[in-house]
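Student: One structure is given below, represented as structure tokens, and several questions about it will come after.
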């Protein structure tokens, strides 16, 4: 326990988060700051505390933090000499902060034992704590609890109980935009723009690489710049001629900070070499940060780290691996004439420019749900701005309602399910379905049956390549709504979309309104190639941090790849793969059935919107 009097460092970006934290403290709220390492949680708190003139009592959260260490305890020697009197009680960090109008800052909240966290319940609710033999200690008016946690580290962590979470506000911090990260590195290192630009782009690329479960924080960029400048000076080189020196610095600064995805047989150094080749190709000059240069350099997109939020605003966490150019431009709009040619009921539902007759749509929905859903999905990209806006609002209500009907909750505590894990009883039928015919069968051919608990993590992966429009978009939106609505304490859910690139729509385990997910998905239009293997690896990376007994991918695709590796090579780390095959051809059915069998799951054809609810019930139930 320490009372930290040091001056706070500069806070770059995070303006909105700073405002929320300031107001939360001013209104007597307790707050948990959530985000990956290096996003400025401690710096932000120090800065706000310095503004208000409050002391900060820092406590490192770990499995050794007992209630006595947090609250305080009687000094044994003092008790022997004078008994259990208040003078012999040694305050722990909690009582120090409560008595001194300070901020108690608990780092790594999700590493603290449950019995220790339970001590805080009455403190958070009533502002007091009853200490045996000492009596009741009441907090002064300036006391606040601020906690921090990294939601993506699954080692040595546990879920924070609802009793604690319900008593705290939550502020999510994400990696900064590229410009802000360059400013942070410049402020710490004082280096020139060229090494800073190179370091920041290398670090940001580690957060989106398909073979990495965890990328580096901005601290990696700081270390990289300092090492690079030092090595260039020692070797008498300029940066333009020092690509091998940059490689040495990159290995030293970043190889210990990144984590290769389980099942990927690559070293961190090999992945870093690939990233360096993309950011700074051999024979070229280092990346330039000149004004107007596209953020993200040769990689494009400037994707950010593993956290979750679809927003691209400053300080907001993203887990989007990369968005291609078509995705950034947004969906192609559709004119009224094209709508008339596609949909017989268009003029009934939209008799005038800017008008959407919801009664007419409701009648069409009752008579022909598929035609109504396809029309509504196309209306959501209408050239007519007012019509497009009205259609999206209606789509959010309609598709979420359809998804709610189809969703179901898991029942029971444990059940016998097929998995691709090596332990358990052999499932002969499923093994024969996926067996290649070569004797003896390999481990990849075997499907076993194991008892599994109720905790599951499910990632829906939506194919947005090819001819994604109309009813296909509606099926995707309803499926996503159903998956998001199915989430509860035993089921974590997430949603990705993919073509030859992957984008995160709903980060795993993070709350996002189903209506918002639908609004994003109804803007999808098919473009790009179909890289199913890339999508499965991204889903595996999204699922890997989850605390769950079973990690499941539900793939909404025809499973006919036009790019990348064969899909079956990307199944490592996925316990079960189910396939929803929308509007299937015979070829798609065969491919989807084979891939689901290889993934230890099942294939459900979706030929109509009415097929989707029962299919989701069977897969999520």
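Numbering (our numbering), first residue to last: 4 to 624. Where a beta carbon is used, it is the ideal one built from N, C-alpha and C, also for glycine.
1. Within a Cβ cutoff of 8 angstroms, which residues of the same chain sit near residue 411, ignoring the five residues on either side of it in sequence?
2. Specify the secondary structure class of residue 603 as computed by DSSP and reduced to three states.
3. Does the distance from the C-beta atom of residue 535 to that of residue 567 stay below 8 angstroms?
4. Hey, how far is the Cα of residue 440 from the Cα of residue 562?
5. Residue ranges of each beta strand (DSSP E) run of no fewer than 3 residues wholly in the region 482-531, ordered along the chain?
6. Can you tell me whether residue 355 is buried or exposed? The criterion is at least 16 other CB atoms within 10 Å of its CB, across all chains shown.
7. May I ask you to list the residues that DSSP assigns as paired with residue 478?
8. Just the Cα atoms here: how many angstroms apart are residue 435 and residue 595?
9. Could you spell out the range, first to last residue, of the beta strand (DSSP E) harbouring residue 550?
10. From the DSSP output, in three-state form, read off residue 586 for me.
11. Inspect the beta-carbon positions of residue 71 and residue 101 and report whether they are closer than 8 angstroms.
12. Taking the C-alpha atoms as reference points, what is the distance between residue 216 and residue 23?
13. Indicate the three-state DSSP secondary structure (helix, strand or coil) for residue 61 in the structure shown.
14. Examine the Cβ distances between the region 534-550 and the region 501-508 and report whether three or more of them are shorter than 8 angstroms.
15. Consult DSSP for residue 1 and reduce its assignment to one of helix, strand or coil.
16. Please return the same chain residues whose Cβ sits closer than 8 angstroms to the Cβ of residue 611, not counting the five positions on each side in sequence.
17. Kindly confirm or deny that the region 460-480 and the region 505-525 touch, where touching means at least three C-beta pairs closer than 8 angstroms.
18. May I ask you to report which of helix, strand or coil DSSP gives residue 460?
19. Please report how far the alpha carbon of residue 652 lies from the alpha carbon of residue 485, in whole angstroms.
20. Could you check whether the region 76-96 touches the region 124-132, counting it as contact only if at least three pairs of C-beta atoms, one from each stretch, sit closer than 8 angstroms?
21. Going by CA-CA distance only, name the one from 43, 201, 78 and 57 that's closest to residue 282.
22. With a cut-off of 8 angstroms on the beta carbons, I'd call residue 34 and residue 27 a contact; round off their distance for me.
23. Nearest-angstrom Cα distance between residue 326 and residue 260?
24. So, does the region 246-261 touch the region 160-177, judging by three or more C-beta pairs under 8 angstroms?
25. Touching or not, the region 193-208 and the region 63-80, by the rule of three or more beta carbon pairs under 8 angstroms?
26. Counting only the same chain and skipping the five closest in sequence on each side, list residues whose C-beta sits under 8 angstroms from that of residue 21.
Tutor: To lay it out plainly:
1. Residue mapping note: residue 411 aligns to position 408 of the chain shown, counting from 1. Because residue 411 sits at a pLDDT of 43, beneath the cut-off of 50, its placement in the model cannot be relied upon, and the following sentence gives the value as read from the coordinates. Within the same chain, residue 411 has close Cβ partners 489, 619, 620, 623 and 624.
2. Stepping through the chain shown from its first residue, residue 603 is reached at position 600. Residue 603 falls in the strand class under three-state DSSP.
3. Residue mapping note: residue 535 aligns to position 532 of the chain shown, counting from 1. Residue mapping note: residue 567 aligns to position 564 of the chain shown, counting from 1. Contact flag set, yes.
4. Start at 1 with the first residue of the chain shown, and residue 440 comes out as number 437. Start at 1 with the first residue of the chain shown, and residue 562 comes out as number 559. For residue 440 and residue 562, the distance between alpha carbons rounds to 22 angstroms.
5. 494-501 and 505-509
6. Stepping through the chain shown from its first residue, residue 355 is reached at position 352. With fewer than 16 other Cβ atoms within 10 Å, it is exposed.
7. Mapped onto the chain shown, residue 478 falls at position 475. Its beta-bridge partners do not exist; DSSP assigns none.
8. As a working note, residue 435 is residue 432 in the chain shown. As a working note, residue 595 is residue 592 in the chain shown. So the alpha carbons of these two residues sit roughly 16 angstroms apart.
9. As a working note, residue 550 is residue 547 in the chain shown. Here residue 550 belongs to no beta strand (DSSP E), and DSSP marks it neither H nor E.
10. The count along the chain shown starts at 1 and reaches residue 586 at position 583. Coil at residue 586, not helix or strand.
11. The residue you call residue 71 lines up with position 68 of the chain shown. The residue you call residue 101 lines up with position 98 of the chain shown. Going by C-beta atoms, residue 71 is not nearer than 8 angstroms to residue 101.
12. Taking the first residue of the chain shown as 1, we reach residue 216 at position 213. Taking the first residue of the chain shown as 1, we reach residue 23 at position 20. Cα to Cα, residue 216 sits roughly 30 angstroms from residue 23.
13. The residue given as residue 61 occupies position 58 in the chain shown. Three-state DSSP puts residue 61 in a strand.
14. yes
15. Outside the shown range of the chain (4 to 624) lies residue 1, about which nothing can therefore be said.
16. By one-based count along the chain shown, residue 611 stands at place 608. Closer than 8 angstroms at the Cβ level, and outside the excluded window around residue 611, lie 372 and 373.
17. yes
18. In the chain shown, counting from the first residue as 1, residue 460 sits at position 457. In the structure shown, residue 460 sits in a strand (DSSP, three-state: E or B).
19. It is not possible to answer for residue 652, since the shown part of the chain is limited to 4 through 624.
20. no
21. On the chain shown, position 279 is the one that residue 282 refers to. Among 43, 201, 78 and 57, the Cα nearest to that of residue 282 belongs to 201.
22. On the chain shown, position 31 is the one that residue 34 refers to. On the chain shown, position 24 is the one that residue 27 refers to. Right, the Cβ-Cβ distance comes to about 5 angstroms (below 8 angstroms), so this counts as a contact.
23. Taking the chain shown and counting its residues from 1, the one referred to as residue 326 is at position 323. Taking the chain shown and counting its residues from 1, the one referred to as residue 260 is at position 257. Only weak support exists for where residue 326 lies, its pLDDT of 36 falling under 50; the value from the coordinates is given anyway. Whole-angstrom Cα-Cα distance: 24 angstroms.
24. no
25. no
26. In the chain shown, residue 21 corresponds to position 18, counting from 1. Cβ within range, chain order: 14, 47, 50 and 51.
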